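**Student:**
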Amino acid sequence: MNTSDITAKAPAGEFLVRIEGLRKSFGDLEVLRDVNMDVAPGEVVTIIGASGSGKSTLLRCINLLETPDAGHVWFQGSDLTADHVDVNALREDIGMVFQGFNLFNNMDVLANCTLAPITRKKMSKTEAEEVALGHLRSVGLEAFAHASPSTLSGGQKQRVAIARALCMRPKIMLFDEPTSALDPQIVGEVFEVMRALARDGMTMVVVTHEMEFARIVSDRVVFMDHGVIAEQGEPEQIFTAPENPRTREFLSRYLSD
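Residue numbering for the sequence shown follows this note's numbering, beginning at 4 and increasing consecutively.
If you want it as structure tokens, here you go:
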């Protein structure tokens with residue numbers, strides 16, 4: 004994390020997230036190399052690239068689940084990498100959905116959704132349950148409010164995970180390969196929930212191997228290669244006329260599959 008004496012004010016520009024000069028290594032392996040990226044309010048950005056290209060590490064640096072070695076992550080006008088910033092408070096406005104669901108099997112679905120709003124947002128139990136039931140309804144799972152997560156299908160678990168994140172009323176949602184652990188036939192039910200969020204104007208950054216989602220739902224596609232952003236642009240441009248040879252090679256492989 005940066006220890007320089009800087010003022011935690013966002014640079015000029017109307018961005019919810021701004022990433023500047025981000026670097027991250029694990030031992031001798033340099034995973035992110037001078038990454039710069041902006042995310043505007045209401046924008047849906049998908050990050051694509053081969054395994055090991057740095058996609059998930061970049062996503063996890065946005066809410067400091069991974070601590071950058073250098074660079075800055077600005078969120079809502081504050082530099083998360085500044086020592087004096089309350090990262091936990093700012094993180095409450097960043098929803099995160101993991102590929103492995105990360106639900107608590109010792110709690111029912113409703114309790115999974117109300118735990119953080121009660122403990123972090125200081126909502127009353129009544130208010131938190133009302134909010135949670137509303138989000139469970141929106142993902143088609145209100146009837147499963149008192150079910151154990153262990154009894155749900157993978158697609159249902161991921162929809163619960165999305166509802167749980169939304170219960171914190173986040174300003175941005177981060178999705179790390181949200182369908183990679185799902186059977187192909189139920190991927191669509193999760194992506195339909197995400198498409199609905201996009202239609203409602205939720206700011207989203209999505210790491211995915213699902214090219215159809217990237218092409219149809221994104222406002223912008225970011226292609227990562229060996230720890231750098233090799234190319235980015237509107238989906239139509241990236242998928243029909245990519246400029247970088249590595250982008251063309253990657254997409255030709257995926258689109259042929």
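Glycine residues also receive a C-beta, built at the ideal position from the N, C-alpha and C atoms.
Just so we're clear, the structure is a prediction, and the values are computed from it rather than from any experiment.
My output table needs one value for Glu246: the three-state DSSP class, helix, strand or coil.
**Tutor:** Walking along the sequence shown from the start, residue 246 turns up at place 243. It is coil, neither helix nor strand.
**Student:** In three-state terms, what does DSSP make of Thr291?
**Tutor:** Given that the chain is displayed from residue 4 to residue 260, the structure contains no residue 291 and the question cannot be resolved.
**Student:** With Phe216 as the anchor, note down where its alpha helix (DSSP H) starts and where it stops.
**Tutor:** Mapped onto the sequence shown, residue 216 falls at position 213. Element bounds for Phe216: Met214 to Val220.
**Student:** Would you check if there are 3 or more beta carbon pairs closer than 8 Å linking the stretch 95-105 to the stretch 41-49?
**Tutor:** Contact fails: fewer than three Cβ-Cβ distances are below 8 Å.
**Student:** Count the CB pairs spanning the stretch 70-84 and the stretch 124-135 that are closer than 8 Å, and state whether there are at least three.
**Tutor:** Segments in contact, no.
**Student:** Is His75 buried or exposed, if buried means 16 or more other CB atoms sit within 10 Å of its CB?
**Tutor:** Translated into positions along the sequence shown, residue 75 becomes position 72. The residue in question, His75, is buried, as its Cβ has 16 or more Cβ neighbours within 10 Å.
**Student:** Could you tell me which residues DSSP puts in a beta bridge with Leu32?
**Tutor:** On the sequence shown, position 29 is the one that residue 32 refers to. According to DSSP, which records beta bridges pairwise, Leu32 is partnered with Phe29.
**Student:** Which residues mark the beginning and the end of the beta strand (DSSP E) in which Gly236 is found?
**Tutor:** Position 233 of the sequence shown, counting from 1, holds the residue named residue 236. Element bounds for Gly236: Val231 to Gly236.
**Student:** Would you check if the distance between the CB atom of Ala148 and the CB atom of Leu177 is smaller than 9 Å?
**Tutor:** In the sequence shown, residue 148 corresponds to position 145, counting from 1. In the sequence shown, residue 177 corresponds to position 174, counting from 1. Cβ atoms of Ala148 and Leu177: not closer than 9 Å.
**Student:** Do Gly158 and Glu180 count as a contact pair if the criterion is CB distance below 9 Å?
**Tutor:** To locate residue 180, count along the sequence shown from 1; it is residue 177. To locate residue 158, count along the sequence shown from 1; it is residue 155. Going by C-beta atoms, Glu180 is not nearer than 9 Å to Gly158.
**Student:** Taking Glu130 as the reference, which of Ala164, Glu234, Val142 and Thr117 has the closest Cα?
**Tutor:** Stepping through the sequence shown from its first residue, residue 130 is reached at position 127. Here the closest residue by C-alpha is Thr117.
**Student:** Among residues of its own chain, excluding the 5 on either side of Met126, which ones have a beta-carbon nearer than 6 Å to its beta-carbon?
**Tutor:** Translated into the one-based positions of the sequence shown, residue 126 becomes position 123. Same-chain partners within the cutoff: Pro120.
**Student:** Contact between the stretch 207-225 and the stretch 51-70: three or more CB pairs below 8 Å?
**Tutor:** Contact between the stretch 207-225 and the stretch 51-70 is present, because at least three Cβ pairs lie under 8 Å.
**Student:** Could you check the C-alpha separation between Thr250 and Gly230 for me, to the nearest Å?
**Tutor:** Here residue 250 refers to the residue found at position 247 when the sequence shown is read from its first residue. Here residue 230 refers to the residue found at position 227 when the sequence shown is read from its first residue. Each residue's Cα considered, the two are about 14 Å apart.
**Student:** Output the distance between the C-alpha atoms of Arg223 and Pro238, rounded to the nearest integer angstrom.
**Tutor:** In the sequence shown, counting from the first residue as 1, residue 223 sits at position 220. In the sequence shown, counting from the first residue as 1, residue 238 sits at position 235. If I take the Cα positions, the gap works out to 6 Å.
**Student:** Cβ atoms of Arg202 and Ile219: under 9 Å apart, would you say?
**Tutor:** Here residue 219 is taken as the residue at index 216 of the sequence shown, counted from 1. Here residue 202 is taken as the residue at index 199 of the sequence shown, counted from 1. No, these two residues do not count as a Cβ contact at 9 Å.
**Student:** If we count the other Cβ atoms within 10 Å of its Cβ and call it buried at 16 or more, is Lys27 buried or exposed?
**Tutor:** Within the sequence shown, numbered from 1, the residue matching residue 27 stands at position 24. Buried is the call here.
**Student:** What first and last residue would you give for the alpha helix (DSSP H) that runs through Leu139?
**Tutor:** If you number the sequence shown from 1, residue 139 lands on position 136. Per DSSP, Leu139 belongs to the alpha helix (DSSP H) from Lys128 to Ser141.
**Student:** Looking only at C-alpha atoms, which of Leu19, Pro152 and Asn247 sits nearest to Asn109?
**Tutor:** Working through the sequence shown from its first residue, we reach residue 109 at position 106. Selected option, being the one with the closest Cα: Pro152.
**Student:** Could you pull out every residue in the same chain whose Cβ sits closer than 7 Å to the Cβ of Gly103, ignoring the five residues on either side in sequence?
**Tutor:** The count along the sequence shown starts at 1 and reaches residue 103 at position 100. Cβ within range, chain order: Ala184.
**Student:** Could you say which of Gly24, Ala217 and Asn91 lies nearest to Thr182 if we only look at CA atoms?
**Tutor:** Counting from 1 along the sequence shown, the entry for residue 182 is found at position 179. The shortest Cα separation from Thr182 among Gly24, Ala217 and Asn91 belongs to Ala217.
**Student:** Looking at the structure shown, is Thr49 part of a helix, part of a strand, or coil, going by DSSP?
**Tutor:** Translated into the one-based positions of the sequence shown, residue 49 becomes position 46. Strand.
**Student:** Could you round the C-beta distance between Val225 and Gln240 to whole angstroms and report it? I think they count as a contact, below 8 Å.
**Tutor:** As a first step, residue 225 must be located in the sequence shown, where it is residue number 222. As a first step, residue 240 must be located in the sequence shown, where it is residue number 237. Incorrect: roughly 12 Å between the Cβ atoms, too far for contact.
**Student:** Taking Ala1 as the reference, which of Asp111, Met205, Ser59 and Ser221 has the closest Cα?
**Tutor:** Here the chain has residues from 4 to 260 only, and residue 1 is not among them.
**Student:** Which same chain residues, not among the five before or five after Val142, have their C-beta less than 8 Å away from its C-beta?
**Tutor:** The sequence position of residue 142 within the sequence shown is 139, counting from 1. Once the five neighbours on either side are set aside, the close Cβ partners of Val142 are Arg162, Val163, Ile165, Ala166 and Val196.
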